[in-house]
Ligand SMILES: *[C@@H]1O[C@H](CO)[C@@H](O)[C@H](O)[C@H]1NC(C)=O
Ligand SMILES: *[C@@H]1O[C@H](CO)[C@@H](O)[C@H](O)[C@H]1NC(C)=O
Ligand SMILES: *[C@@H]1O[C@H](CO)[C@@H](O)[C@H](O)[C@H]1NC(C)=O
Ligand SMILES: *[C@@H]1O[C@H](CO)[C@@H](O)[C@H](O)[C@H]1NC(C)=O
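This is the structure:
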């Protein structure tokens, strides 16, 4: 490697060891600061050894194992105030750890084995800085029986996360949940996907045992309560199909901190890697971590804690604008679930005794937009590509992991001035709702009604209506899609003709 290149790399490495305060750089960021870098720090970073790290970094945005996101102190007191009795629990759960999308899985299968060979070869050639333990981890990695028919399905680790979650809740709410399943007592509902159905089944197993006959109603498609974002044209046009909506994350993706990660990972592995390859390594690192959360994940050898924090921020930034506070429609559309909880609780308060538990299984978009609607994890200033704030509230590693979940519990308090009480737990920790005096312990019924009525009535037809300009845009888009999917017959013929010709020459 030429000396000039090495010096440039060292400059980039300097970026990676910058203290959090130094990350608050602005437009006037001066790359010549890098010259103040000292050699000791260079050694510290380039010789990072994952297999010797007593506390590896486990926060991988929405691909974090629930094990590393949850709180482990859930008790009866978290959910039900003293002198009260739990009457109904309403629990919405993201599916547990899954396999990657078909495209990502295909890349795991075709590219990871090649990267393994290249990394080991580079090491043999004396390139890179991997410690012996990390080399051994990479050498020991095997693709196993991964195949594309597994894409997006729930993994064994994912089923275990959800099973454990159900068991935890049951322990905390013994009078409500230690009962045999009946249709009248418990309601299950999942979206139309293997991973949410299998999560619902794992949850039922954790709560009612593996021999219980639990009824799962056939999924709705579209489901206006569990997948409200599918029936929200304004969300589709303004956010989902609009690259401008996530421009902050695009800027970050192409900015100096991400470039520094790519350079540093390349230096560390002794390879010249593209952004795409580094992203694949990141996915390998975090998926294998989530599949076997207590074992080291071979691909994580590529990254220091700082690299992982930069990659995590890149993901958080994207989610902030796609499902968080970045756009109004993201949370405006998220009222159906909260309305559903409200209606269930109101029936109980008005004298209906059932059901005792309502259990829903859906996806990260539903969970994160709903948390946003509730005002949770809101930062004082919007997240931007210029400010990687390590103390930010919006951390999908903590509240948007696999099996992320939100539970409202309604309790009856005969001896209290307020007869009914609602508590909220997210990831098994008590969280405060703005407008409730009880803070982490929850809300009186009147406070809860006040909080919820801010989002009601929840009329998605109204909230999600397109204005005329957007309607036009959407028609245009649909026409374009139509043309892409169905090539005109004449061009199909022309394509076949060209193909025939190539056969004969
Ligand atoms: C994929 O794996 C499953 C489960 O191990 C197996 O049943 C199936 O035959 C495999 N499919 C392919 C295409 O290899
Ligand atoms: C993954 O889920 C699909 C259903 O969506 C199922 O058909 C397929 O068999 C599953 N794959 C494996 C390997 O279990
Ligand atoms: C629950 O209800 C469904 C649909 O109404 C029915 O098919 C099923 O047998 C019921 N299960 C139990 C345990 O009562
Ligand atoms: C919901 O909003 C639409 C459009 O604004 C309106 O036509 C409809 O009457 C509303 N529905 C209800 C139940 O208020």
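Numbering (mature numbering (1 follows the signal peptide of the UniProt record, and there is no 0)), first residue to last: -18 to -1, 1 to 487. Even glycine gets a Cβ: it sits at the ideal position worked out from N, Cα and C.
Following the DSSP letters along the chain, one finds residue 169 inside the beta strand (DSSP E) bounded by residues 168 to 172. When distances are taken from the beta-carbon of residue 165 to the heavy atoms of ligand 3, the shortest one is below 7 Å. Contact between residue 280 and residue 123 holds, since their C-beta atoms are separated by about 4 Å, short of 8 Å.
Within its own chain, the residues whose Cβ lies closer than 6 Å to the Cβ of residue 302, once the five positions on either side in sequence are excluded, are 308, 365, 376, listed in chain order. Straight-line measurement puts the Cα of residue 217 at about 8 Å from the Cα of residue 223.
Around the CB of residue 195, fewer than 16 other CB atoms lie within 10 Å, so the residue is classed as exposed. Here residue 433 really is in contact with residue 425; their C-beta atoms are around 7 Å apart, less than 8 Å. With a threshold of 16 other beta carbon atoms within 10 Å, residue 337 meets it and is buried. The three-state reading of DSSP puts residue 317 in helix, counting H, G and I together. Following the DSSP letters along the chain, one finds residue 103 inside the alpha helix (DSSP H) bounded by residues 84 to 106.
Taken through DSSP and simplified to helix, strand or coil, residue 304 comes out as helix. One residue after another in chain order, those with a Cβ under 6 Å from a heavy atom of ligand 2 are 131, 132, 135, 176. With respect to the 8 Å criterion, residue 58 and residue 136 are not classified as neighbours on the basis of their beta carbons.
For residue 276, there is no enclosing beta strand (DSSP E), as DSSP marks it with neither H nor E.
When the beta-carbon positions are compared, residue 68 and residue 155 come within less than 8 Å of each other. Judged by their CB atoms, residue 211 and residue 165 are not nearer to each other than the 8 Å cut-off. The residue among 368, 362, 174 with its C-alpha nearest the C-alpha of residue 374 is 362. Counting only runs of at least 4 residues, the stretch 336 to 412 fully encloses the following alpha helix (DSSP H) elements, listed from N- to C-terminal order: 346 to 355, 378 to 381. For residue 75, there is no enclosing alpha helix (DSSP H); the enclosing beta strand (DSSP E) has its first and last residue at 67 to 76. By the rule of a C-beta closer than 7 Å to any heavy atom of ligand 4, the residues picked out are 439, 441, 443, 444, 447.
For residue 161, the Cβ stays outside the 7 Å cut-off from all heavy atoms of ligand 3.
In this structure residue 274 is not in contact with residue 141, their Cβ atoms being roughly 14 Å apart against a cut-off of 8 Å. Note that the C-beta distance between residue 94 and residue 283 is not below 8 Å. Boundaries of the alpha helix (DSSP H) around residue 246: 238 to 251. Secondary-structure assignment with DSSP links residue 426 through a beta bridge to 403.
Taking 8 Å as the upper bound for CB-CB distance, residue 115 and residue 34 are in contact here, some 6 Å apart. Annotated three-state conformation of residue 80 is strand, per DSSP. Here residue 132 is actually not in contact with residue 97; their C-beta atoms are around 20 Å apart, not less than 8 Å. Around the CB of residue 227, 16 or more other CB atoms lie within 10 Å, so the residue is classed as buried. Counting along the chain, residue 61 sits inside the alpha helix (DSSP H) bounded by residues 58 to 61. Your pair residue 349 and residue 74 checks out as a contact, with CB atoms roughly 7 Å apart and the cut at 8 Å.
With respect to the 8 Å criterion, residue 265 and residue 84 are not classified as neighbours on the basis of their beta carbons.
Nearest neighbour of residue 39 by Cα position, chosen from 379, 305, 411, 398, turns out to be 379. Closest in alpha carbon position to residue 286, among 272, 152, 267, 130, is 267.
Burial check for residue 31: the Cβ neighbour count within 10 Å stays below 16, so the residue is exposed. Spanning the alpha carbons of residue 238 and residue 295 requires a straight line of approximately 13 Å.
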